[in-house]
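To convert a position in the sequence shown, counted from 1, into the numbering used here, add 43. Glycine residues also receive a C-beta, built at the ideal position from the N, C-alpha and C atoms.
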Amino acid sequence: MIDRYGRTIDYMRISVTDRCNLRCVYCVPECGVTRIPTERLLTEEELLRITRAAAKEGIAHVKVTGGEPLLRPNLAWLVQKIRGIPGIETVTLTTNGILLPDQIDALVAAGICGINISLDTLNKERYRSLTRGGELERALAGLEAAKRQKSVTVKVNAVLYETHWEEDTLTLAALAKKDPVHVRFIEHMPLGTETEERPVREDAILALLQKEYGKCESYQGKIGEGPGHYVTFPGMTGKIGFISAISHKFCSGCNRLRLTADGDLRMCLQSKEGIPLRELLRDGATDEKVQEVFRGCILQKPEGHQMTEQKIEAEGMCQIGG
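Here it is, written out as C-alpha coordinates:
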(Lines of atoms letter the chains of each structure in order from A and count residues from 1; the text may use other names and numbers.)
(Lines give C-alpha, C1' and ligand atoms only; values in the text may rest on other atoms or scores of the structure.)
Protein backbone atom coordinates (compact mmCIF):
# COMPACT_ATOMS: atom_id res chain seq x y z
CA MET A 1 0.00 0.00 0.00
CA ILE A 2 1.26 3.45 -0.93
CA ASP A 3 -0.06 6.49 0.93
CA ARG A 4 -0.56 9.98 -0.48
CA TYR A 5 2.99 10.97 0.55
CA GLY A 6 4.60 8.10 -1.34
CA ARG A 7 5.32 5.94 1.70
CA THR A 8 4.98 2.17 1.46
CA ILE A 9 2.80 0.97 4.34
CA ASP A 10 3.68 -2.66 5.05
CA TYR A 11 3.91 -2.90 8.85
CA MET A 12 1.15 -3.20 11.46
CA ARG A 13 1.46 -3.12 15.23
CA ILE A 14 -1.24 -5.23 16.85
CA SER A 15 -2.08 -4.74 20.52
CA VAL A 16 -3.49 -8.04 21.78
CA THR A 17 -4.31 -6.74 25.27
CA ASP A 18 -4.32 -3.54 27.29
CA ARG A 19 -3.48 -5.44 30.49
CA CYS A 20 0.02 -5.32 31.95
CA ASN A 21 1.84 -6.71 34.98
CA LEU A 22 3.87 -3.48 35.35
CA ARG A 23 2.90 0.21 35.52
CA CYS A 24 5.83 1.97 33.84
CA VAL A 25 5.83 5.72 34.38
CA TYR A 26 5.99 6.57 30.66
CA CYS A 27 3.28 4.07 29.72
CA VAL A 28 0.61 4.30 32.41
CA PRO A 29 -0.55 7.66 33.84
CA GLU A 30 -0.14 7.97 37.62
CA CYS A 31 -3.91 8.15 37.96
CA GLY A 32 -4.19 4.81 36.20
CA VAL A 33 -6.30 3.90 33.18
CA THR A 34 -9.73 2.40 32.70
CA ARG A 35 -9.28 -1.11 31.40
CA ILE A 36 -11.16 -2.21 28.33
CA PRO A 37 -14.02 -4.59 29.24
CA THR A 38 -13.23 -8.12 28.13
CA GLU A 39 -16.18 -8.26 25.76
CA ARG A 40 -14.78 -5.26 23.86
CA LEU A 41 -11.39 -6.84 23.24
CA LEU A 42 -10.88 -8.38 19.83
CA THR A 43 -11.35 -12.13 19.77
CA GLU A 44 -8.74 -14.39 18.21
CA GLU A 45 -10.83 -14.86 15.09
CA GLU A 46 -11.40 -11.10 14.78
CA LEU A 47 -7.66 -10.46 15.09
CA LEU A 48 -6.98 -13.02 12.38
CA ARG A 49 -9.69 -11.69 10.05
CA ILE A 50 -8.28 -8.18 10.33
CA THR A 51 -4.73 -9.39 9.77
CA ARG A 52 -5.75 -11.42 6.72
CA ALA A 53 -7.43 -8.34 5.25
CA ALA A 54 -4.35 -6.25 6.03
CA ALA A 55 -2.07 -8.78 4.37
CA LYS A 56 -4.17 -8.71 1.21
CA GLU A 57 -3.64 -4.94 1.12
CA GLY A 58 0.14 -5.16 1.51
CA ILE A 59 0.90 -5.56 5.22
CA ALA A 60 3.84 -7.98 5.43
CA HIS A 61 5.22 -7.40 8.93
CA VAL A 62 3.37 -7.66 12.24
CA LYS A 63 4.51 -6.52 15.67
CA VAL A 64 2.57 -8.03 18.58
CA THR A 65 2.30 -5.60 21.50
CA GLY A 66 0.18 -4.80 24.53
CA GLY A 67 -0.08 -3.84 27.35
CA GLU A 68 1.94 -6.94 28.05
CA PRO A 69 1.18 -9.33 25.18
CA LEU A 70 2.30 -12.41 27.12
CA LEU A 71 -0.78 -11.94 29.32
CA ARG A 72 -2.97 -12.79 26.32
CA PRO A 73 -4.09 -16.44 26.54
CA ASN A 74 -2.98 -18.66 23.64
CA LEU A 75 -0.52 -16.08 22.34
CA ALA A 76 1.80 -18.66 20.76
CA TRP A 77 -1.17 -20.17 18.91
CA LEU A 78 -2.12 -16.71 17.68
CA VAL A 79 1.44 -16.01 16.51
CA GLN A 80 1.47 -19.30 14.61
CA LYS A 81 -1.80 -18.46 12.88
CA ILE A 82 -0.59 -14.97 11.92
CA ARG A 83 2.65 -16.43 10.55
CA GLY A 84 0.58 -18.74 8.38
CA ILE A 85 -1.37 -15.94 6.69
CA PRO A 86 -0.29 -15.56 3.03
CA GLY A 87 1.74 -12.38 2.62
CA ILE A 88 2.90 -12.14 6.24
CA GLU A 89 6.70 -12.36 6.26
CA THR A 90 7.64 -11.62 9.88
CA VAL A 91 5.99 -11.58 13.28
CA THR A 92 7.83 -9.99 16.19
CA LEU A 93 6.99 -9.24 19.82
CA THR A 94 7.54 -6.44 22.32
CA THR A 95 7.44 -7.51 25.97
CA ASN A 96 8.73 -6.58 29.42
CA GLY A 97 10.22 -10.08 29.55
CA ILE A 98 8.84 -11.12 32.92
CA LEU A 99 6.70 -13.98 31.59
CA LEU A 100 9.08 -14.88 28.77
CA PRO A 101 10.96 -17.83 30.34
CA ASP A 102 7.76 -19.89 30.48
CA GLN A 103 6.60 -18.99 26.96
CA ILE A 104 9.74 -18.61 24.86
CA ASP A 105 9.85 -22.20 23.58
CA ALA A 106 6.23 -22.10 22.40
CA LEU A 107 6.75 -18.71 20.74
CA VAL A 108 9.83 -19.90 18.86
CA ALA A 109 8.01 -23.05 17.75
CA ALA A 110 5.17 -20.81 16.54
CA GLY A 111 7.58 -18.87 14.33
CA ILE A 112 8.32 -15.66 16.23
CA CYS A 113 11.11 -13.81 14.40
CA GLY A 114 12.22 -11.21 16.91
CA ILE A 115 11.71 -10.19 20.52
CA ASN A 116 12.07 -6.66 21.90
CA ILE A 117 12.44 -6.43 25.67
CA SER A 118 11.64 -3.17 27.44
CA LEU A 119 14.43 -2.56 29.98
CA ASP A 120 15.19 1.01 31.02
CA THR A 121 17.86 0.43 33.66
CA LEU A 122 19.98 -2.32 35.20
CA ASN A 123 19.73 -0.72 38.62
CA LYS A 124 17.36 -2.74 40.80
CA GLU A 125 15.95 0.20 42.76
CA ARG A 126 15.45 2.41 39.70
CA TYR A 127 13.79 -0.44 37.82
CA ARG A 128 11.36 -0.89 40.71
CA SER A 129 10.63 2.84 40.71
CA LEU A 130 10.22 3.19 36.93
CA THR A 131 7.94 0.16 36.71
CA ARG A 132 6.13 0.93 39.98
CA GLY A 133 7.02 -2.35 41.64
CA GLY A 134 8.72 -4.55 39.05
CA GLU A 135 11.53 -6.99 39.88
CA LEU A 136 14.63 -6.54 37.72
CA GLU A 137 15.73 -10.16 38.17
CA ARG A 138 12.60 -11.41 36.42
CA ALA A 139 13.09 -9.10 33.45
CA LEU A 140 16.73 -10.19 33.15
CA ALA A 141 15.66 -13.84 33.23
CA GLY A 142 13.42 -13.07 30.27
CA LEU A 143 16.30 -11.45 28.43
CA GLU A 144 18.50 -14.49 29.05
CA ALA A 145 15.75 -16.80 27.82
CA ALA A 146 15.49 -14.81 24.59
CA LYS A 147 19.27 -14.72 24.09
CA ARG A 148 19.41 -18.52 24.15
CA GLN A 149 17.20 -18.70 21.05
CA LYS A 150 19.61 -18.38 18.14
CA SER A 151 16.84 -18.05 15.55
CA VAL A 152 15.41 -14.92 17.19
CA THR A 153 16.66 -11.34 16.84
CA VAL A 154 16.82 -9.82 20.33
CA LYS A 155 16.57 -6.10 21.03
CA VAL A 156 16.48 -4.14 24.26
CA ASN A 157 14.31 -1.00 24.28
CA ALA A 158 15.27 1.67 26.83
CA VAL A 159 13.71 5.03 27.65
CA LEU A 160 16.20 7.24 29.51
CA TYR A 161 15.62 10.18 31.82
CA GLU A 162 17.96 12.87 33.08
CA THR A 163 18.59 11.34 36.51
CA HIS A 164 21.34 8.68 36.31
CA TRP A 165 21.15 8.64 32.51
CA GLU A 166 24.90 8.28 32.04
CA GLU A 167 25.10 5.20 34.24
CA ASP A 168 22.04 3.65 32.61
CA THR A 169 23.34 4.39 29.11
CA LEU A 170 26.68 2.70 29.73
CA THR A 171 25.37 -0.34 31.57
CA LEU A 172 22.63 -0.97 29.01
CA ALA A 173 24.97 -0.46 26.04
CA ALA A 174 27.30 -3.04 27.57
CA LEU A 175 24.62 -5.68 26.90
CA ALA A 176 25.57 -5.41 23.22
CA LYS A 177 29.29 -5.80 23.82
CA LYS A 178 29.61 -9.60 23.93
CA ASP A 179 26.23 -10.78 22.73
CA PRO A 180 24.34 -10.12 19.47
CA VAL A 181 21.78 -8.02 21.34
CA HIS A 182 20.80 -4.70 19.82
CA VAL A 183 20.24 -1.98 22.42
CA ARG A 184 17.92 0.83 21.34
CA PHE A 185 17.46 4.13 23.12
CA ILE A 186 13.96 5.54 22.65
CA GLU A 187 13.02 9.14 23.28
CA HIS A 188 10.17 9.65 25.69
CA MET A 189 7.09 10.85 23.83
CA PRO A 190 4.37 13.08 25.37
CA LEU A 191 1.48 10.65 25.15
CA GLY A 192 -0.77 11.21 28.13
CA THR A 193 1.83 10.51 30.83
CA GLU A 194 3.67 12.97 33.01
CA THR A 195 7.10 12.79 34.64
CA GLU A 196 9.14 15.33 36.53
CA GLU A 197 12.29 14.14 34.81
CA ARG A 198 13.40 15.44 31.45
CA PRO A 199 14.09 12.98 28.63
CA VAL A 200 17.59 12.50 27.27
CA ARG A 201 18.18 13.20 23.59
CA GLU A 202 20.00 11.05 21.07
CA ASP A 203 22.93 13.41 20.56
CA ALA A 204 23.86 13.32 24.26
CA ILE A 205 23.67 9.53 24.41
CA LEU A 206 25.78 9.15 21.28
CA ALA A 207 28.43 11.56 22.57
CA LEU A 208 28.73 9.61 25.83
CA LEU A 209 29.02 6.26 24.04
CA GLN A 210 31.68 7.56 21.67
CA LYS A 211 33.67 8.79 24.65
CA GLU A 212 33.48 5.30 26.13
CA TYR A 213 33.83 3.10 23.03
CA GLY A 214 35.44 5.28 20.38
CA LYS A 215 34.09 6.65 17.13
CA CYS A 216 30.99 4.93 15.84
CA GLU A 217 29.99 4.16 12.28
CA SER A 218 26.52 4.30 10.85
CA TYR A 219 25.15 0.82 10.20
CA GLN A 220 23.72 0.56 6.71
CA GLY A 221 22.16 -2.87 7.05
CA LYS A 222 18.57 -3.58 8.00
CA ILE A 223 17.51 -4.66 11.48
CA GLY A 224 13.76 -5.14 11.60
CA GLU A 225 11.06 -3.09 9.92
CA GLY A 226 10.72 -0.18 12.35
CA PRO A 227 12.06 3.39 12.42
CA GLY A 228 15.23 2.75 14.40
CA HIS A 229 18.61 3.65 12.96
CA TYR A 230 21.77 1.97 14.18
CA VAL A 231 25.47 2.53 14.74
CA THR A 232 28.35 0.16 15.38
CA PHE A 233 31.22 0.56 17.82
CA PRO A 234 34.66 -1.09 17.71
CA GLY A 235 34.65 -4.44 19.50
CA MET A 236 30.89 -4.47 20.06
CA THR A 237 28.95 -7.54 18.88
CA GLY A 238 25.48 -6.01 18.86
CA LYS A 239 24.37 -2.67 17.47
CA ILE A 240 23.25 0.49 19.24
CA GLY A 241 20.01 1.94 17.91
CA PHE A 242 17.99 5.11 18.31
CA ILE A 243 14.31 5.86 17.93
CA SER A 244 14.09 9.61 18.29
CA ALA A 245 10.60 10.74 17.39
CA ILE A 246 11.11 14.27 18.71
CA SER A 247 14.71 15.33 18.08
CA HIS A 248 15.15 13.32 14.85
CA LYS A 249 11.64 13.09 13.44
CA PHE A 250 11.26 10.08 11.13
CA CYS A 251 7.69 10.48 9.90
CA SER A 252 8.80 10.81 6.27
CA GLY A 253 9.70 7.12 6.34
CA CYS A 254 6.83 5.85 8.48
CA ASN A 255 5.54 2.53 7.19
CA ARG A 256 3.04 1.51 9.84
CA LEU A 257 -0.50 1.26 11.06
CA ARG A 258 -1.68 0.41 14.58
CA LEU A 259 -4.50 -1.81 15.77
CA THR A 260 -5.61 -1.29 19.36
CA ALA A 261 -6.73 -4.13 21.60
CA ASP A 262 -10.37 -3.10 21.20
CA GLY A 263 -10.16 -2.92 17.43
CA ASP A 264 -9.44 0.69 16.48
CA LEU A 265 -7.25 1.03 13.40
CA ARG A 266 -5.02 4.07 13.79
CA MET A 267 -2.89 5.82 11.22
CA CYS A 268 -0.38 7.36 13.67
CA LEU A 269 0.81 6.86 17.24
CA GLN A 270 -0.63 10.30 17.98
CA SER A 271 -4.02 9.64 16.40
CA LYS A 272 -6.72 10.33 18.99
CA GLU A 273 -9.33 8.28 17.21
CA GLY A 274 -9.26 5.30 14.93
CA ILE A 275 -11.53 3.39 12.60
CA PRO A 276 -13.65 0.99 14.74
CA LEU A 277 -13.04 -2.33 13.04
CA ARG A 278 -14.53 -4.30 15.92
CA GLU A 279 -17.95 -2.75 15.35
CA LEU A 280 -17.67 -3.36 11.62
CA LEU A 281 -16.92 -7.04 12.12
CA ARG A 282 -19.64 -7.54 14.72
CA ASP A 283 -22.13 -5.76 12.48
CA GLY A 284 -21.44 -8.34 9.78
CA ALA A 285 -18.89 -6.63 7.54
CA THR A 286 -17.39 -8.81 4.83
CA ASP A 287 -13.65 -9.33 4.42
CA GLU A 288 -13.83 -7.17 1.30
CA LYS A 289 -15.30 -4.34 3.36
CA VAL A 290 -12.45 -4.60 5.88
CA GLN A 291 -9.96 -4.42 3.02
CA GLU A 292 -11.73 -1.33 1.73
CA VAL A 293 -11.35 0.26 5.17
CA PHE A 294 -7.61 -0.40 5.07
CA ARG A 295 -7.35 1.30 1.70
CA GLY A 296 -9.22 4.32 3.00
CA CYS A 297 -7.15 4.42 6.16
CA ILE A 298 -3.95 4.70 4.17
CA LEU A 299 -5.28 7.76 2.37
CA GLN A 300 -5.96 9.43 5.74
CA LYS A 301 -2.51 8.79 7.19
CA PRO A 302 -1.03 12.17 8.20
CA GLU A 303 2.28 13.46 6.91
CA GLY A 304 3.72 13.58 10.42
CA HIS A 305 3.02 13.80 14.14
CA GLN A 306 2.58 17.04 16.09
CA MET A 307 4.03 15.88 19.41
CA THR A 308 6.08 19.02 19.85
CA GLU A 309 2.91 21.11 19.67
CA GLN A 310 0.47 18.89 21.57
CA LYS A 311 0.14 15.61 23.37
CA ILE A 312 -2.56 12.99 23.63
CA GLU A 313 -4.50 13.62 26.82
CA ALA A 314 -5.58 10.98 29.33
CA GLU A 315 -4.28 8.04 27.33
CA GLY A 316 -1.18 5.98 27.93
CA MET A 317 0.94 3.85 25.65
CA CYS A 318 -0.66 0.75 27.17
CA GLN A 319 -3.97 1.77 25.58
CA ILE A 320 -2.53 2.79 22.21
CA GLY A 321 -0.38 -0.28 21.71
CA GLY A 322 3.10 1.16 22.16
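Sequence-distant residues of its chain with Cβ nearer than 6 Å to residue i (five each side left out)
{"i": "D163", "result": "L173, A201, V202"}
{"i": "V151", "result": "Q192"}
{"i": "L114", "result": "T60, R62"}
{"i": "Q146", "result": "L113"}
{"i": "R95", "result": "I128"}
{"i": "G317", "result": "D307, L308, R309"}
{"i": "G281", "result": "A219, P223, V224, H225"}
Own chain partners of residue i with C-beta closer than 8 Å, once the 5 adjacent residues on each side are dropped
{"i": "M44", "result": "T51, I52, D53, E100, G101, I102, F337, R338, I341"}
{"i": "K332", "result": "L323"}
Member of the options whose CA lies at the smallest distance from the CA of residue i
{"i": "G296", "options": "Q263, I289, G347", "result": "G347"}
{"i": "R175", "options": "T280, L85, D305, V71", "result": "V71"}
{"i": "G157", "options": "S194, G110, R56", "result": "S194"}
{"i": "E168", "options": "L179, S161, P242, I160", "result": "L179"}
Helix, strand or coil at residue i [DSSP, three-state]
{"i": "S58", "result": "strand"}
{"i": "L203", "result": "coil"}
{"i": "D222", "result": "coil"}
{"i": "G185", "result": "helix"}
{"i": "P319", "result": "strand"}
{"i": "S261", "result": "strand"}
Range covered by the alpha helix (DSSP H) that runs through residue i
{"i": "V151", "result": "143-153"}
{"i": "T280", "result": "Taken as a continuous stretch (DSSP letters only), T280 belongs to no alpha helix (DSSP H), as it is neither H nor E."}
{"i": "V333", "result": "330-343"}
{"i": "G157", "result": "Premise fails: G157 lies in the beta strand (DSSP E), 157-161, not in any alpha helix (DSSP H)."}
Near the ligand MN: residue i beta-carbon under 6 Å from a heavy atom
{"i": "S314", "result": "Looking for the ligand MN in the displayed structure turns up nothing, as the structure carries no ligands at all."}
Residue range of the unbroken beta strand (DSSP E) whose run includes residue i
{"i": "Y273", "result": "272-275"}
{"i": "L118", "result": "Taken as a continuous stretch (DSSP letters only), L118 belongs to no beta strand (DSSP E), being part of the alpha helix (DSSP H) at 118-126."}
{"i": "R299", "result": "299-302"}
Looking at C-beta atoms only, is the number of pairs between the segment 281-289 and the segment 65-83 that lie closer than 8 Å three or more?
no
Using 8 Å as the cut-off, can you tell me whether the segment 271-278 makes contact with the segment 245-263, which would need three or more C-beta pairs spanning the two stretches below that distance?
yes
Using 8 Å as the Cβ pair cut-off and three pairs as the minimum, do the segment 178-196 and the segment 209-217 touch?
no
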